[in-house]
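Under this note's numbering, residues 772 to 910 are what the sequence shown spells out, in order.
All C-beta atoms, glycine included, are put in the ideal place defined by N, C-alpha and C.
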Amino acid sequence: MSIIRIPLRFTGSKGEKIVYALFDSGATYSCLSTETANEIETPVKLYEPLRIATASESHCVVVEEAMRADFYHDDIRLSDEFMVVPGLSEEAIIGINTLQKWRIKLDFEHDKVIVNPKVAEYILKDLKEPRNKGQRKVE
């Protein structure tokens, strides 16, 4: 398991905040501390709490809230769902689900995070396409 920590700008309906995010290839979910989450967005209660194993073998955390937030790396806008974790040791953790979604590469030799702007552009463009594309309007 390897990690990289860099500053990212997070935005939500309440505002924005620059935090040091830990890019953790050993974490499944992306997470925000309760304090950070509440500064940028209103978390939503999960229907069923989620039990997440931590790096400590015998320790689990129960997550009861999640939220969606945008974050920026080199002015490239990315977004995902974040678990809101009480007592999280970091302000933000970017997990493997987010890394795979955005095809983010981690260069551990140079402590760099590599985001292809074309990939982010294509994914965001696909999200903006109308669902009924190609269907004719019936009058």
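Can you tell me whether residue i is buried or exposed, with buried defined as 16 or more other CB within 10 angstroms of its CB?
i, result
"VAL833", "exposed"
"PHE794", "buried"
"LYS788", "buried"
"GLY783", "buried"
"PRO814", "buried"
"GLU806", "exposed"
"ILE864", "buried"
Check residue i in the structure and name its three-state DSSP category.
i, result
"VAL884", "strand"
"THR768", "Because the chain in this structure spans residues 772 to 910, residue 768 falls outside the shown range and cannot be described."
"LYS785", "coil"
CA-CA distance, residue i and residue j?
i, j, result
"ILE867", "ARG780", "19 Å"
"ARG822", "TRP873", "25 Å"
"ALA824", "THR799", "10 Å"
"GLU880", "ILE777", "15 Å"
"ALA891", "GLU861", "25 Å"
"GLU835", "PRO888", "33 Å"
"GLU819", "MET838", "14 Å"
"LYS883", "HIS844", "11 Å"
"GLY786", "HIS830", "33 Å"
Closest to residue i by CA distance: which of the options is it?
i, options, result
"LEU817", "ASN809, VAL855, THR805, GLY786", "VAL855"
"GLY797", "THR805, ILE774, LYS876, SER850", "ILE774"
"ASP851", "PRO857, GLN871, LEU859, GLY858", "GLN871"
(request) May I have a chain-ordered list of the beta strand (DSSP E) segments no shorter than 3 residues that lie completely inside the stretch 781-862? (result) Listed in chain order, the beta strand (DSSP E) runs fully inside the stretch 781-862 are 786-795, 802-804, 815-824, 831-844, 847-856, counting runs of at least 3 residues.
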